[in-house]
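J.: As numbered in our numbering, residues 25 to 360 make up the sequence shown, in order.
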Amino acid sequence: MIKSNVRKRKDILPSPTAQFKFSSADIDKKNSAISVLDNKLLVILECLIILILTFLIFHYRSTATQSTEQLQLLSNQYTDAQNKWDDASGKLQDQIARLKIISNSDHIKPADSEPQSANSASSVSHNKDKDEWDSNDLSWIRDIQSNDKRSLQLQYGESPIRVLIETNLGRITLEMAPIRSMPHTVRYFVTLIQTGFWNGCHFFRNANHVIQANCHRRNKQNVHALRDGDDGKLKETPSIAFQEYDESLPYLHQKYSIGLAGRPGGPDFYINLVDNKRNHGPGGQGPKPDPCFANIVEGRDVVDKIHAMEHDGSAMMILKDWVEFVTVSVLNDDDE
């Protein structure tokens, strides 16, 4: 009875072969499903790679286009700036050439023909230092005065500028004309001082009406000051560009006032010893008056000492003993 039951149970169990066939089929199905899934993943991955590469290509093409546009813009801006610079340089060179022609016009001999009008096309016969100033003269004179005025205001402010001349006989203090009144002449004079031009120079002439200063020779300490020639002399004498004048100044050509000698004037200057308006004012020694640009505010006694010194008896009345400028300087507020 027991054996019969055991046999029946064995019949119930599946055979090993049947079990193996079932498992193999199942695995094949699973492998097939995995293979399909892998193929889908590969396709998706390839699509993603293609999309990423496409994005990168468009991105870098856009960046390169922007960079090219920026480079082109910078190139255009540089070209515009260069053109403006060339234009400004050309105009500046034209102005410099024109000023040189005008500043040297006193060396041009007037034409023998009839005087030409201010609007004449010929500029050779026009002498700004002898003829009446025309519209062109007045235009560049205003430009020069405006530039000199701004320069002086930036450097010294609005207060009157004072200059100290230390001589071997004592100290003389000059007060310059107001900047707005004589900007070109004042800037010319203080620029010579700042460059050391007047150090070691002298008063050399003691006439009845003026004491005159120049730089025919210097002391040993300043013998090479502002000299550019092999012989130690200036190749060109610095001068003002035009004869500036302001009739509103109260000390014009009066005793102890300062004027520029020469035409158009400088670097020689003189101290008036009498009222010289008739000789050096409008209609005096030339068609245009000497620039009178400063007044002595201290040291008039030193001027009187110099005027009491002996001269050589010549027409120029040259001092036998020249009065040396030890130093000439622009005074600061602390020095006054």
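The C-beta atom is built at its ideal place from N, Cα and C for all residues, glycine as well. Since the model is a prediction, treat every value here as computed from it, not as a measurement.
From what residue to what residue does the alpha helix (DSSP H) around TYR180 run?
T.: Start at 1 with the first residue of the sequence shown, and residue 180 comes out as number 156. Its alpha helix (DSSP H) spans residues 159-180.
J.: What does the Cβ neighbour count give for GLY224, buried or exposed, with the cut at 16 atoms within 10 Å?
T.: Here the question's residue 224 lines up with position 200 in the sequence shown. So GLY224 ends up on the buried side.
J.: If we ignore side chains and look at the alpha-carbon of each, how far apart do HIS83 and GLU70 end up?
T.: Counting from one through the sequence shown, the residue named residue 83 turns up at place 59. Counting from one through the sequence shown, the residue named residue 70 turns up at place 46. Approximately 20 Å between the Cα atoms of the pair.
J.: What are the uninterrupted segments assigned as alpha helix (DSSP H) that are 4 or more residues long and contained completely in the stretch 256-318, given in chain order?
T.: Whole alpha helix (DSSP H) segments, 4+ residues: 301-304.
J.: Please identify the residue among PHE79, GLY286, PRO288, ILE282 whose C-alpha is closest to the C-alpha of ASP299.
T.: Taking the first residue of the sequence shown as 1, we reach residue 299 at position 275. It is ILE282.
J.: By how many angstroms is the C-alpha of GLN94 removed from the C-alpha of TYR180?
T.: Within the sequence shown, residue 180 is the residue found at index 156, counting from 1. Within the sequence shown, residue 94 is the residue found at index 70, counting from 1. Each residue's Cα considered, the two are about 46 Å apart.
J.: For VAL321, count the other beta carbons within 10 Å of its own beta carbon; 16 or more makes it buried, fewer makes it exposed. Which is it?
T.: Within the sequence shown, numbered from 1, the residue matching residue 321 stands at position 297. Classification of VAL321: exposed, given that the 10 Å Cβ count is below 16.
J.: Specify whether the stretch 227-239 and the stretch 338-358 touch according to this definition: at least 3 beta carbon pairs, one from each stretch, less than 8 Å apart.
T.: Touching, yes, given that three or more Cβ pairs across the two stretches are closer than 8 Å.
J.: Return the bridge partner residues of GLN363 from the DSSP annotation.
T.: Residue 363 is absent from the structure shown; the chain starts at 25 and stops at 360.
J.: DSSP has LEU188 in a bridge; who is on the other side?
T.: Within the sequence shown, the letter at position 164 stands for residue 188. THR197, SER353.
J.: Reducing DSSP to helix, strand and coil, say where ASN100 ends up.
T.: In the sequence shown, residue 100 corresponds to position 76, counting from 1. It is helical.
J.: For LEU75 and ILE68, I'd like the C-alpha separation in whole angstroms.
T.: Position 51 of the sequence shown, counted from the first residue, corresponds to residue 75. Position 44 of the sequence shown, counted from the first residue, corresponds to residue 68. So the alpha carbons of these two residues sit roughly 10 Å apart.
J.: With 16 other CB atoms within 10 Å as the buried threshold, where does TRP109 fall?
T.: Position 85 of the sequence shown, counted from the first residue, corresponds to residue 109. It counts as exposed.
J.: What residue range does the beta strand (DSSP E) around PHE221 cover?
T.: Counting from one through the sequence shown, the residue named residue 221 turns up at place 197. Per DSSP, PHE221 belongs to no beta strand (DSSP E) and is neither H nor E.
J.: Report the three-state DSSP secondary structure of GLU70 (helix, strand or coil).
T.: Mapped onto the sequence shown, residue 70 falls at position 46. Helix, per DSSP.
J.: So, with DSSP's three-state summary, where would you put ALA332?
T.: Counting from 1 along the sequence shown, the entry for residue 332 is found at position 308. DSSP places ALA332 in coil when its eight states are reduced to three.
J.: Please name the residue, chosen from ALA265, ASN171, VAL326, that lies closest to ASP161 on a Cα-to-Cα basis.
T.: Here residue 161 corresponds to residue number 137 of the sequence shown, with the count starting at 1. For ASP161, the nearest C-alpha among the options comes from ALA265.
J.: What did DSSP end up calling MET340 once you bin it into helix, strand or coil?
T.: Taking the first residue of the sequence shown as position 1, residue 340 is located at position 316. Note: MET340 maps to coil in three-state DSSP.
J.: The beta strand (DSSP E) spanning ILE235 covers which residue range?
T.: Your numbering for residue 235 matches position 211 in the sequence shown. Taken as a continuous stretch (DSSP letters only), the beta strand (DSSP E) holding ILE235 covers 234-238.
J.: Spatial neighbours of ASP136 within its chain, please: C-beta separation below 7 Å, excluding the five flanking residues on both sides.
T.: To locate residue 136, count along the sequence shown from 1; it is residue 112. For ASP136, the pLDDT reaches just 38, beneath the cut-off of 50, and the residue's location in the model is therefore unreliable, leaving the point undetermined.
J.: Indicate the three-state DSSP secondary structure (helix, strand or coil) for ASP325 in the structure shown.
T.: Here residue 325 is taken as the residue at index 301 of the sequence shown, counted from 1. It is helical.
J.: Could you tell me the distance, in whole angstroms, from the CA atom of LEU284 to the CA atom of CYS316?
T.: Position 260 of the sequence shown, counted from the start, is the residue given in the question as residue 284. Position 292 of the sequence shown, counted from the start, is the residue given in the question as residue 316. Cα to Cα, the separation comes out at about 7 Å.
J.: Please report how far the alpha carbon of ILE235 lies from the alpha carbon of VAL347, in whole angstroms.
T.: The residue given as residue 235 occupies position 211 in the sequence shown. The residue given as residue 347 occupies position 323 in the sequence shown. Going from the Cα of ILE235 to the Cα of VAL347 covers about 11 Å.
J.: Looking only at its own chain, which residues have a Cβ that is under 6 Å from the Cβ of VAL350, when we skip the five neighbours before and after it?
T.: Position 326 of the sequence shown, counting from 1, holds the residue named residue 350. GLU190.
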